[in-house]
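To convert a position in the sequence shown, counted from 1, into my numbering, add 38.
For glycine and all other residues, C-beta sits at the position ideal for the given N, C-alpha and C.
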Amino acid sequence: MKFSLFPKETSLYESEFDILELIEILKENTLNGMLSSTNYQTNKKFIGSIEQESFKIISSAKKTSLFCVFEGQKANVGKQISIVKKFHPIFRNLFILWFVSILIVILFPPFEPNEIIEIFLFVSFATILRYVLIKVLFDTAKTEGIKRLSDLLKLSEIK
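Structure representation (structure tokens):
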């Protein structure tokens, strides 16, 4: 298994519906908005944008659901759809900004440096934060979102 700081998975699914029906069902159940529009109270299942043969959405379930973005498009065969599950780009950028900021403070400390302890604390904190943000929150959002998509669109994963 390849290590990636920010996960991205692509899976192939088969639906009971053809792509046009699938897109119509998604349009009915998606609040049209930006992927950062999570403050809206909605009875729709997803938030995002739906195109003719593709979509880019997040689940509207609860606060952790915004960590995972689902990008889907029609696959080449019949009623198959390819879905990419990836870490939300806004949180990726915030994590990188935080990492660089702390690294700058360590490299150019405003006080008497104790580099070994600082580096150890930084690496430990970054590892814990990455685990919490990416493993726990992303995996929870991915699982909930795929369950909602599968229930709504009658999807079954092709192994």
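Alpha-carbon spacing of residue i relative to residue j, whole angstroms
| i | j | result |
| --- | --- | --- |
| residue 133 | residue 168 | 8 Å |
| residue 185 | residue 87 | 19 Å |
| residue 84 | residue 145 | 43 Å |
| residue 39 | residue 164 | Reliability of the predicted coordinates at residue 39 is poor, the pLDDT of 49 falling under 50, and the value obtained from them is presented with this limitation in mind. Taking the straight line joining both Cα atoms gives about 22 Å. |
| residue 113 | residue 57 | 9 Å |
| residue 65 | residue 43 | 32 Å |
| residue 69 | residue 135 | 30 Å |
| residue 166 | residue 109 | 28 Å |
Counted within 10 angstroms of its Cβ, other Cβ atoms place residue i as buried (16 or more) or exposed
| i | result |
| --- | --- |
| residue 107 | buried |
| residue 46 | exposed |
| residue 277 | No answer is possible for residue 277: the residues shown for the chain start at 39 and end at 197. |
| residue 95 | buried |
| residue 128 | exposed |
| residue 71 | buried |
| residue 131 | exposed |
Beta-carbon proximity of residue i to residue j, cut-off 7 Å
| i | j | result |
| --- | --- | --- |
| residue 175 | residue 125 | no |
| residue 111 | residue 98 | no |
| residue 160 | residue 140 | yes |
| residue 82 | residue 123 | no |
| residue 103 | residue 182 | yes |
Assumed close pair residue i, residue j - CB separation to whole angstroms, cut-off 8 Å
| i | j | result |
| --- | --- | --- |
| residue 119 | residue 90 | That pair is no contact at about 13 Å. |
| residue 191 | residue 55 | 7 Å |
Check your understanding: Would you call the stretch 41-55 and the stretch 186-197 in contact, with 3 or more CB pairs under 8 Å?
Key -> The stretch 41-55 and the stretch 186-197 touch, with no fewer than 3 CB-CB distances between them shorter than 8 Å.
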